[in-house]
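Residue numbers (the UniProt record's numbering), protein chains in the order written: chain A, 1 to 171; chain B, 1 to 171.
Take a look at the structure below.
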DNA sequence: GCCGTATGTATACCGAGTATGCACCGCCGC
DNA sequence: GCGGCGGTGCATACTCGGTATACATACGGC
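Pasting the structure below:
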């Protein structure tokens with residue numbers, strides 16, 4: 001979903017080709033999410049199939065150039081207007097794991113929570129360090145980084161909450 | 001990933017068959033995440049292929065029964081011991097969208113943030129209502145629900161933060 | 001008897017993501 | 001000069017998560 005709309009957004013700015021789109025895509029998210037080049041081509045293929053982009057031929061260097069279509073621009077505008085809903089998101093792996101852990105017998109939930117919290121805390125420290133160190137932060141990059149920070153904090157808060165609830169339940 | 005380990009966890013408790021495993025899986029997460037039955041069978045197939053579960057034949061009613069293998073139990077124990085890392089998680093759709101929005105020209109970031117926050121707030125209210133209304137809450141269910149609440153709160157906090165940063169940048 | 005629903009298994013299909021193959025080109029060292 | 005090496009660029013094969021659907025059986029109500 002995201003790579004698809006990312007490519008559309010980049011193509012709305014100006015036409016481009018696969019390899020270049022990957023670089024722009026990664027740069028626009030502050031190189032936080034590496035994108036496999038193969039995925040760019042398959043996504044471009046699907047977008048073309050669905051009439052959201054079109055091949056315009058080749059440029060002087062022989063690159064296969066794509067441009068956005070009217071239909072693609074509409075889809076992009078819709079996407080920006082639509083909020084991201086809970087339903088579109090994948091399952092929360094951690095919540096799932098803990099739900100399983102408290103359901104099936106023989107799992108030490110306290111240890112699990114403890115391990116996860118230690119991990120989350122070191123992740124949070126690492127992210128904070130990255131943020132502080134950044135000399136001339138790219139806006140998109142720092143927004144993504146801060147999203148990860150807020151999420152890590154929420155995870156730690158939730159783990160504290162879980163620990164309290166589970167301990168109270170057990171004793 | 002999660003369905004795979006969920007099935008392993010359920011099978012460690014006792015052997016079972018596809019349809020039953022789906023019901024148990026959904027119940028263990030408080031019916032928060034519906035699982036398509038087809039996925040259960042394909043996952044069981046892959047688990048069998050990899051030697052993590054094994055068919056034991058049929059029970060009295062003719063159900064195809066699977067049981068966990070030693071190797072499967074090891075993998076499950078490993079999974080519970082391993083923390084969930086950032087890398088295993090999928091891209092954050094919302095962070096991605098905003099990173100794109102501030103990068104490509106012609107997107108009204110303020111409106112986007114506003115729309116998303118309204119949506120997140122109504123989601124949060126809905127989740128809170130669910131939590132309060134729950135008469136005899138299942139532990140796993142309420143943990144999952146609370147995870148969603150903590151995440152929605154973090155999202156709203158982050159959106160406030162983004163708004164402040166973007167406004168400051170623009171004016 | 002027959003229709004609708006729940007139970008149960010299995011397969012086809014699609015999209016996201018990864019690995020890999022293949023070709024071209026420019027640079028650097030010998 | 002030339003042979004290796006790394007960057008650029010395109011394309012395909014493959015796996016996995018997830019959905020839809022086909023198909024069969026059993027059971028209960030009209």
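No residue lacks a Cβ here, since even glycine has one placed at the ideal position from N, Cα and C.
| query | Whose C-alpha, out of A:110, A:134 and A:155, is nearest the C-alpha of residue 166 of chain A? | reply | The sequence position of residue 166 of chain A within the first chain is 166, counting from 1. Ranking A:110, A:134 and A:155 by Cα distance to residue 166 of chain A puts A:110 first.
Compile a chain-ordered list of the residues in the segment 82-96 of chain B whose CB is closer than 9 Å to at least one CB of chain A. 82, 83, 84, 85, 86, 88, 89, 90, 91, 92, 93, 94, 95 and 96
*Kindly indicate which residue of A:71, A:35 and A:164 has the alpha-carbon position closest to the one of residue 49 of chain A.*
As a first step, residue 49 of chain A must be located in the first chain, where it is residue number 49. With distances taken between Cα atoms, residue 49 of chain A lies closest to A:71.
Can we say the segment 136-155 of chain A touches the segment 101-115 of chain A, given the rule of at least three CB pairs closer than 8 Å?
no
### Query
What residue does the beta strand (DSSP E) around residue 120 of chain A start on, and which one ends it?
Position 120 of the first chain, counted from the first residue, corresponds to residue 120 of chain A. From DSSP, residue 120 of chain A is part of no beta strand (DSSP E) but of the alpha helix (DSSP H) over 109-133.
Considering only the beta carbon of each residue, do residue 4 of chain A and residue 43 of chain A sit closer than 7 Å? Translated into the one-based positions of the first chain, residue 4 of chain A becomes position 4. Translated into the one-based positions of the first chain, residue 43 of chain A becomes position 43. Result yes, Cβ atoms of residue 4 of chain A and residue 43 of chain A sit closer than 7 Å.
If you measure between the beta carbons of residue 99 of chain B and residue 29 of chain A, is that distance less than 7 Å? Working through the second chain from its first residue, we reach residue 99 of chain B at position 99. Working through the first chain from its first residue, we reach residue 29 of chain A at position 29. Against a cut-off of 7 Å, the Cβ pair of residue 29 of chain A and residue 99 of chain B comes out as a contact.
Using DSSP with H/G/I as helix, E/B as strand and the rest coil, what is residue 149 of chain A?
-> Position 149 of the first chain holds residue 149 of chain A. Looking at residue 149 of chain A - three-state DSSP - the assignment turns out to be helix.
| request: Could you tell me the distance, in whole angstroms, from the CA atom of residue 63 of chain B to the CA atom of residue 55 of chain A? | output: Along the second chain, one-based indexing puts residue 63 of chain B at 63. Along the first chain, one-based indexing puts residue 55 of chain A at 55. Cα to Cα, the separation comes out at about 52 Å.
| message | Output needed for residue 130 of chain B: all residues of its chain with C-beta closer than 8 Å, excluding positions within five of it in sequence on either side, in chain order. | response | Along the second chain, read from residue 1 onward, the residue named residue 130 of chain B stands at position 130. Once the five neighbours on either side are set aside, the close Cβ partners of residue 130 of chain B are 145.
Taking C-beta to C-beta, are residue 51 of chain B and residue 69 of chain B nearer than 7 Å?
Position 51 of the second chain, counted from the first residue, corresponds to residue 51 of chain B. Position 69 of the second chain, counted from the first residue, corresponds to residue 69 of chain B. Cβ atoms of residue 51 of chain B and residue 69 of chain B: closer than 7 Å.
For residue 7 of chain A and residue 97 of chain B, believed in contact at Cβ under 8 Å, the rounded distance:
The count along the second chain starts at 1 and reaches residue 97 of chain B at position 97. The count along the first chain starts at 1 and reaches residue 7 of chain A at position 7. Not quite, the Cβ-Cβ distance comes to about 13 Å (not below 8 Å), so this is no contact.
- Item | N-terminal and C-terminal residue of the alpha helix (DSSP H) that residue 102 of chain B is part of | Position 102 of the second chain holds residue 102 of chain B. Run containing residue 102 of chain B: 93-103, per the alpha helix (DSSP H) assignment.
For residue 156 of chain A and residue 92 of chain B, the rounded distance between their alpha carbons: Looking up residue 92 of chain B in the second chain gives position 92. Looking up residue 156 of chain A in the first chain gives position 156. Taking the straight line from one Cα to the other gives about 18 Å.
- [ ] Could you list which residues in chain B have their beta carbon closer than 8 Å to that of residue 116 of chain A, in chain order?
- [x] Counting from one through the first chain, the residue named residue 116 of chain A turns up at place 116. 83 and 84, listed in chain order.
Practice item. Find out if the Cβ-Cβ distance for the pair residue 10 of chain A, residue 40 of chain A is shorter than 7 Å. Key: Taking the first chain and counting its residues from 1, the one referred to as residue 10 of chain A is at position 10. Taking the first chain and counting its residues from 1, the one referred to as residue 40 of chain A is at position 40. No, Cβ-Cβ distance for residue 10 of chain A and residue 40 of chain A is not below 7 Å.
For residue 13 of chain B, which of B:34, B:67, B:47 and B:45 has the nearest alpha-carbon?
Translated into positions along the second chain, residue 13 of chain B becomes position 13. Answer by Cα proximity: B:67.
_Taking the straight line between their C-alpha atoms, what separation do you get for residue 108 of chain B and residue 114 of chain B?_
On the second chain, position 108 is the one that residue 108 of chain B refers to. On the second chain, position 114 is the one that residue 114 of chain B refers to. Each residue's alpha carbon lies about 10 Å from the other.
message: I need the straight-line Cα distance from residue 15 of chain A to residue 2 of chain A, nearest angstrom please.
response: Position 15 of the first chain, counted from the first residue, corresponds to residue 15 of chain A. Position 2 of the first chain, counted from the first residue, corresponds to residue 2 of chain A. Each residue's Cα considered, the two are about 19 Å apart.
Alpha carbon to alpha carbon, how far is residue 87 of chain A from residue 112 of chain A? Give it in angstroms, no decimals. Taking the first chain and counting its residues from 1, the one referred to as residue 112 of chain A is at position 112. Taking the first chain and counting its residues from 1, the one referred to as residue 87 of chain A is at position 87. Going by the C-alpha atoms only, they are around 27 Å apart.
So, helix, strand or coil for residue 41 of chain A, using DSSP?
As a working note, residue 41 of chain A is residue 41 in the first chain. Here residue 41 of chain A sits in helix by DSSP.
Residue from B:164, B:159, B:140 and B:121 with nearest C-alpha to residue 26 of chain B: In the second chain, counting from the first residue as 1, residue 26 of chain B sits at position 26. Selected option, being the one with the closest Cα: B:140.
### Endpoints, the alpha helix (DSSP H) within which residue 70 of chain B is located
On the second chain, residue 70 of chain B is found 70 positions in, with the first residue counted as 1. It spans 70-81 - the alpha helix (DSSP H) in which residue 70 of chain B sits, taken as one unbroken run.
Residue closest to residue 73 of chain B, alpha-carbon to alpha-carbon, out of B:17, B:24, B:94 and B:47:
Start at 1 with the first residue of the second chain, and residue 73 of chain B comes out as number 73. That would be B:47, whose Cα lies nearest to the Cα of residue 73 of chain B.
**Asked** Can you give the Cα-Cα distance for residue 171 of chain A and residue 118 of chain B, rounded to whole angstroms?
**Response** As a working mapping, residue 171 of chain A is identified with position 171 in the first chain. As a working mapping, residue 118 of chain B is identified with position 118 in the second chain. Model confidence at residue 171 of chain A stands at a pLDDT of 45, short of 50, so the residue's coordinates are unreliable; what they give is reported in the following sentence. So the two alpha carbons sit approximately 40 Å from each other.
*Range of the contiguous beta strand (DSSP E) that encloses residue 60 of chain B*: Within the second chain, residue 60 of chain B is the residue found at index 60, counting from 1. Looking at the DSSP string, residue 60 of chain B is not in any beta strand (DSSP E), and its letter there is neither H nor E.
For chain A, is any of its Cβ atoms less than 7 Å away from the one on residue 122 of chain B? If you number the second chain from 1, residue 122 of chain B lands on position 122. Cβ-Cβ to chain A under 7 Å: no for residue 122 of chain B.
Exercise. What did DSSP end up calling residue 9 of chain A once you bin it into helix, strand or coil?
Worked result: As a working note, residue 9 of chain A is residue 9 in the first chain. Three-state result, residue 9 of chain A: helix.
Fill in: Cα-Cα separation between residue 138 of chain A and residue 23 of chain A, rounded to whole angstroms
What you label residue 138 of chain A is simply residue 138 of the first chain in a count that begins at 1. What you label residue 23 of chain A is simply residue 23 of the first chain in a count that begins at 1. For residue 138 of chain A and residue 23 of chain A, the distance between alpha carbons rounds to 15 Å.
Which of helix, strand or coil does DSSP assign to residue 162 of chain B? Position 162 of the second chain, counting from 1, holds the residue named residue 162 of chain B. Helix.
Starting from residue 18 of chain B, trace the alpha helix (DSSP H) both ways and give me its first and last residue.
As a working note, residue 18 of chain B is residue 18 in the second chain. 18-28 is the span of the alpha helix (DSSP H), which, as asked, contains residue 18 of chain B.
Checklist entry - Quick one: does residue 40 of chain A have its CB under 7 Å from some CB of chain B? => result In the first chain, the residue the question calls residue 40 of chain A occupies position 40. It does not; no Cβ of chain B falls within 7 Å.
Using a Cβ-Cβ cut-off of 7 Å (strictly less than) and excluding sequence neighbours within five positions of residue 183 of chain A, which residues of its own chain qualify? In this structure chain A extends from 1 to 171, so residue 183 of chain A is not present and cannot be described.
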